[in-house]
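Peer 1:
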Amino acid sequence: SLVSTQSEKQTVIALQITELSTIVETFTELCEKVCGRQSPALKAAFKIQAGNYVHKFHNQRKSKLTLLLDAECWKVAKVPPEFQLLVEKLANGNVIKSLPGSPEPANALKVGAQEYVTVGTVLMLIKLVSEYCVCAYDLQLLAPVIGRNLSELLRTFNSRSCQLVLGAGALRTAGLKTITSANLALTSRSLQLVLWMISSIRAHFNALTSDPLPSLDVVEKDIGHHIQQLETKILSIMNSLLSDHLNEWDAKPPVPSKAFRNISRQLMKLHEAVSPILPEEQVGDIYEIVHKNFKCRLRDQLIKMNIQNNGGPQHGVVTTEIIFYLETMKNLKVLPNKYFSDKAMDDIW
């Protein structure tokens, strides 16, 4: 058939199948006028071939995404303007009918008041998502199938990125030496962008078909869970580092001690890693948990070392160390003022 032979050459596009659909529709109407019967066999054959096209379209993009993910180094990518235009089309809730062209790249994608720093694979994912949207617009008869395929593509992105970053698969596939807090933060922010896209994708497909897309709800939930896991991993790394330094601390002059200088250095390094990537509110949330965990760990260490709030020499050393620690936190501007009040650290005793 015309569609299958053209598909083999990879030259057929969704619009051509739409045109063929119109031809088939016109022909079957003429058949009915001339001989009183439509041609259900022709309609069925067309639907099978259109389905084959959609299946091939999906498999090609899924394979492309997997290859891109396996080569991804999870580093910040520049954003060519064509991707900003695609995001704006999605944000406006307009049905995407075509893909834009490009000039100068930017450092982040802008969505309303938010900026998303992301990786190259997610930029390509935006393009792939837009291609599915265009395909669904051109082939509205198969929009529900295309929507389900798009849900599967997003599920593939989420599960594979989880294997590569949280599961450290990128050490093997992309040759990374280690998975850093910056890699984790960048993956989290990239997934937050995908999460934003899902609501726009849903609106796009709702305008094309009355069939619901429950598969999108499942992907949305999975991505939300993955984002939480990434933040938990960042906190776990930080807690482990700070605990190690506290274990080396012996609460003796000079102060600040080497252990507390290292703690300060780790707090600054984390800030350098996550603050250019994550929104300010999320960075603040992370530091509030780091601070709370640090206080618990410090309390345990004071009990273990039998240091008491009694005005003695060791108590004086601890007080000076805490002032140094709080000064670091204050300089980072990551905690509300209530954490720096006179009695804010009294609960460590």
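Quick note on the numbering used here: the sequence shown kicks off at 28 and runs consecutively.
Yeah, the Cβ is synthetic: ideal placement off N, Cα and C, and Gly gets one too.
With distances taken Cα to Cα, identify the nearest neighbour of isoleucine 375 among Ala209, Pro241, Asn336, Phe367.
Peer 2: The shortest Cα separation from isoleucine 375 among Ala209, Pro241, Asn336, Phe367 belongs to Asn336.
Peer 1: When you compare each of Lys60, Cys58, Gln76 to serine 48 by their alpha carbons, which one comes out closest?
Peer 2: Of Lys60, Cys58, Gln76, the residue nearest in Cα terms is Gln76.
Peer 1: Determine the closest residue to aspartate 277 out of Arg229, Leu329, Gln255, Lys260, with distance taken between C-alpha atoms.
Peer 2: Of the candidates Arg229, Leu329, Gln255, Lys260, the one whose C-alpha sits nearest the C-alpha of aspartate 277 is Leu329.
Peer 1: Going by Cα to Cα distance, which pick from Leu193, Phe232, Ile254, Leu198 is closest to leucine 220?
Peer 2: That would be Ile254, whose Cα lies nearest to the Cα of leucine 220.
Peer 1: Are glutamate 131 and proline 108 closer than 8 Å when you measure CB to CB?
Peer 2: Yes, Cβ-Cβ distance for glutamate 131 and proline 108 is below 8 Å.
Peer 1: Using CA atoms only, rank isn't needed, just tell me which of Gly78, Leu353, Leu218 is closest to leucine 166.
Peer 2: Minimum Cα distance to leucine 166 is reached at Gly78.
Peer 1: Bridge partners of tyrosine 143, per DSSP?
Peer 2: Tyrosine 143 is bridged to Leu136.
Peer 1: Grab the span of the alpha helix (DSSP H) containing aspartate 249 for me, first residue to last.
Peer 2: Note, aspartate 249: alpha helix (DSSP H), 241-274.
Peer 1: For valine 161, list the residues DSSP reports as bridge partners.
Peer 2: In the DSSP output, where bridge partners are listed per residue, valine 161 has none listed.
Peer 1: Do valine 246 and glycine 311 have their C-beta atoms closer together than 8 Å?
Peer 2: No; because the gap between Cβ atoms is not below 8 Å, this pair is not in contact.
Peer 1: Looking only at C-alpha atoms, which of His272, Pro281, Val301, Pro280 sits nearest to asparagine 289?
Peer 2: Taking only the C-alpha atoms, the option nearest asparagine 289 is His272.
Peer 1: Tell me the DSSP secondary structure of valine 301 in three-state form.
Peer 2: The answer is helix: DSSP assigns valine 301 an H, G or I state.
Peer 1: Which runs of the alpha helix (DSSP H) at least 4 residues long sit entirely within the region 173-234? Give them in chain order.
Peer 2: Counting whole runs of 4 or more residues, the region 173-234 contains the alpha helix (DSSP H) stretches 197-200, 208-233.
Peer 1: According to the neighbour-count rule (16 or more other Cβ atoms, all chains shown, within 10 Å of its Cβ), is threonine 32 buried or exposed?
Peer 2: Because the pLDDT of threonine 32 is 47, which lies under 50, any placement of that residue in the model is unreliable, and the question is left without a value.
Peer 1: Compute the Euclidean distance between the alpha carbons of leucine 218 and glutamine 256, then round it to the nearest angstrom.
Peer 2: Answer to the nearest angstrom: the Cα atoms are 12 Å apart.
Peer 1: The alpha helix (DSSP H) that contains proline 67, what's its start and end?
Peer 2: 67-98 is the extent of the alpha helix (DSSP H) around proline 67.
Peer 1: For leucine 113, I'd like the list of residues in its chain whose CB is within less than 6 Å of its CB, leaving aside the five on either flank, ordered along the chain.
Peer 2: Hits under 6 Å: Ile153, Ser157.
Peer 1: Within the same chain, show all residues whose beta-carbon is closer than 7 Å to that of serine 242, passing over the 5 residues directly before and after it, in chain order.
Peer 2: These residues qualify, in order along the chain: Arg175, Ser178.
Peer 1: Is the CB-CB distance between leucine 96 and threonine 45 below 8 Å?
Peer 2: Cβ distance not < 8 Å, so leucine 96 and threonine 45 don't count as in contact.
Peer 1: Return the first residue and the last residue of the alpha helix (DSSP H) that threonine 236 is part of.
Peer 2: Looking at the DSSP string, threonine 236 is not in any alpha helix (DSSP H), and its letter there is neither H nor E.
Peer 1: Do three or more CB pairs link the region 338-354 to the region 295-311 at distances below 8 Å?
Peer 2: Flag = no, the region 338-354 and the region 295-311 do not touch.
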